[in-house]
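**Q** Residue numbers (our numbering): 13 to 200. We put the CB at the ideal spot given by N, CA and C, even for glycine. Since this is a predicted model, take the numbers as computed values, not measurements. I have a structure I would like to understand better, so I am pasting it below and will then ask my questions one at a time.
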Amino acid sequence: MEIKDDIWYLNKVLSGDTQCFTYFVDKYKNVVFSIALKVLRNHEDAEELAQESFIKAYKSLHTFKGTAQFSTWLYRITYNNCISEVRKRKLKFVSADDVQLPDEPEEMNFDGIPSENRAKYVKAALDKLPQDEYTLILLYYFEDKTVDEIAAITKMTDSNVKVKLFRARKKLQTFLNEMLKEELYTIL
Numbered sequence: 013m014e015i016k017d018d019i020w021y022l023n024k025v026l027s028g029d030t031q032c033f034t035y036f037v038d039k040y041k042n043v044v045f046s047i048a049l050k051v052l053r054n055h056e057d058a059e060e061l062a063q064e065s066f067i068k069a070y071k072s073l074h075t076f077k078g079t080a081q082f083s084t085w086l087y088r089i090t091y092n093n094c095i096s097e098v099r100k101r102k103l104k105f106v107s108a109d110d111v112q113l114p115d116e117p118e119e120m121n122f123d124g125i126p127s128e129n130r131a132k133y134v135k136a137a138l139d140k141l142p143q144d145e146y147t148l149i150l151l152y153y154f155e156d157k158t159v160d161e162i163a164a165i166t167k168m169t170d171s172n173v174k175v176k177l178f179r180a181r182k183k184l185q186t187f188l189n190e191m192l193k194e195e196l197y198t199i200l
């Protein structure tokens, strides 16, 4: 249903009803901003890059082929804009293609965290992740993107996405364990 809604609005915008583009901004602004903020690590830069990403998407709507979901296409534009900005600042990303992992990423298990504090702890742990790992976790677990879709967005190989998801999950687990131990220590 999401694709149908996006396509309907896309066709409206392409046929001249430019006001319909606000549908995309309203629907995707939080994730676009989250990706930009995590990559750029600066609120003002993230706002600017998120806005630029929507402008670029609007100007490029005619190139959207529909072979992927609109959100995948938009997130790729956002991610590419942010990576370009980071490269301008001469920051580098590390690749990790040599690690052997299962074909499908494991599911994250938050059962050990009390439900009333779960969101607080998960958010705090996510904030500690490097921007590329945060982006992968965000896309995979919170935006329900497949490994193939994430690979398309980030221009990584499927195996690199799996490796980075694996490592990010392990880091999250470590961060969560540390936070829970600290919490338990302060209670006792």
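Quick check on the DSSP output: the alpha helix (DSSP H) that includes LEU86 runs from which residue to which?
**A** Taking the sequence shown and counting its residues from 1, the one referred to as residue 86 is at position 74. Element bounds for LEU86: 82-100.
**Q** How about the stretch 185-192 and the stretch 156-169: do they share at least three Cβ pairs that are nearer than 8 Å?
**A** Cβ pair count under 8 Å is below three, so no.
**Q** If we ignore side chains and look at the alpha-carbon of each, how far apart do ILE67 and LEU192 end up?
**A** Start at 1 with the first residue of the sequence shown, and residue 67 comes out as number 55. Start at 1 with the first residue of the sequence shown, and residue 192 comes out as number 180. Those two C-alpha atoms are separated by around 42 Å.
**Q** Note down the Cα distance separating GLN81 from GLU161, rounded to an integer number of angstroms.
**A** As a first step, residue 81 is located in the sequence shown; it is residue number 69 there, counting from the start. As a first step, residue 161 is located in the sequence shown; it is residue number 149 there, counting from the start. Their Cα atoms are separated by approximately 9 Å.
**Q** Decide if SER72 is buried, meaning its Cβ has at least 16 other Cβ atoms within 10 Å, or exposed.
**A** On the sequence shown, position 60 is the one that residue 72 refers to. It is exposed - the Cβ of SER72 has fewer than 16 other Cβ atoms within 10 Å.
**Q** Could you spell out the range, first to last residue, of the alpha helix (DSSP H) harbouring GLN63?
**A** Along the sequence shown, read from residue 1 onward, the residue named residue 63 stands at position 51. 55-71 is the extent of the alpha helix (DSSP H) around GLN63.
**Q** By a C-beta neighbour count over all protein chains shown, 10 Å radius and 16 as the cutoff for buried, is GLY28 buried or exposed?
**A** Position 16 of the sequence shown, counting from 1, holds the residue named residue 28. Exposed, because fewer than 16 other Cβ atoms sit within 10 Å of the Cβ of GLY28.
**Q** Going by other Cβ atoms of all chains shown within 10 Å of its Cβ, with 16 needed for buried, is PHE36 buried or exposed?
**A** Taking the sequence shown and counting its residues from 1, one reaches residue 36 at position 24. Looking at its Cβ environment, which holds 16 or more other Cβ atoms inside 10 Å, PHE36 is buried.
**Q** Could you tell me how far apart the beta carbons of ILE47 and LEU150 are, in whole angstroms, since I believe they sit closer than 8 Å?
**A** By one-based count along the sequence shown, residue 47 stands at place 35. By one-based count along the sequence shown, residue 150 stands at place 138. Indeed they touch by this definition, with Cβ atoms about 7 Å apart.
**Q** Looking at SER225: is its Cβ nearer than 8 Å to the Cβ of GLU194?
**A** This structure leaves residue 225 out entirely; the chain is present only between 13 and 200.
**Q** Can you give me the Cβ contacts of LEU148 inside the same chain, cut-off strictly under 7 Å, excluding the 5 residues immediately before and after it?
**A** The count along the sequence shown starts at 1 and reaches residue 148 at position 136. So the qualifying residues of the chain are ILE162, VAL173, LYS176, LEU177 and ALA180.
**Q** Can you tell me whether PHE76 is helix, strand or coil according to DSSP?
**A** The residue you call residue 76 lines up with position 64 of the sequence shown. Reduced to three states, the DSSP call for PHE76 is coil.
**Q** Less than 8 Å between the C-beta atoms of ILE95 and VAL51, yes or no?
**A** Indexing the sequence shown from 1 puts residue 95 at position 83. Indexing the sequence shown from 1 puts residue 51 at position 39. Cβ distance < 8 Å, so ILE95 and VAL51 count as in contact.
**Q** State the DSSP-derived secondary structure class of ASP38, mapped to helix, strand or coil.
**A** On the sequence shown, position 26 is the one that residue 38 refers to. ASP38 falls in the helix class under three-state DSSP.
**Q** Quick test of your reading: ASN93 and LEU61, contact by CB under 8 Å. State the CB separation rounded to the nearest angstrom.
**A** Position 81 of the sequence shown, counting from 1, holds the residue named residue 93. Position 49 of the sequence shown, counting from 1, holds the residue named residue 61. Yes, they are in contact, since the Cβ atoms of ASN93 and LEU61 sit about 5 Å apart, within 8 Å.
**Q** Between the C-alpha atoms of THR30 and ASN189, what's the straight-line distance to the nearest angstrom?
**A** The residue you call residue 30 lines up with position 18 of the sequence shown. The residue you call residue 189 lines up with position 177 of the sequence shown. Looking at the two C-alpha atoms, the distance is approximately 48 Å.
**Q** Could you check the C-alpha separation between LEU86 and ASP18 for me, to the nearest Å?
**A** Taking the first residue of the sequence shown as position 1, residue 86 is located at position 74. Taking the first residue of the sequence shown as position 1, residue 18 is located at position 6. In a straight line, the C-alpha of LEU86 is about 11 Å away from that of ASP18.
**Q** Compute the Euclidean distance between the alpha carbons of ARG99 and LYS132, then round it to the nearest angstrom.
**A** Here the question's residue 99 lines up with position 87 in the sequence shown. Here the question's residue 132 lines up with position 120 in the sequence shown. Approximately 32 Å between the Cα atoms of the pair.
**Q** Identify whether LEU150 lies in helix, strand or coil by the three-state DSSP scheme.
**A** The count along the sequence shown starts at 1 and reaches residue 150 at position 138. Helix.
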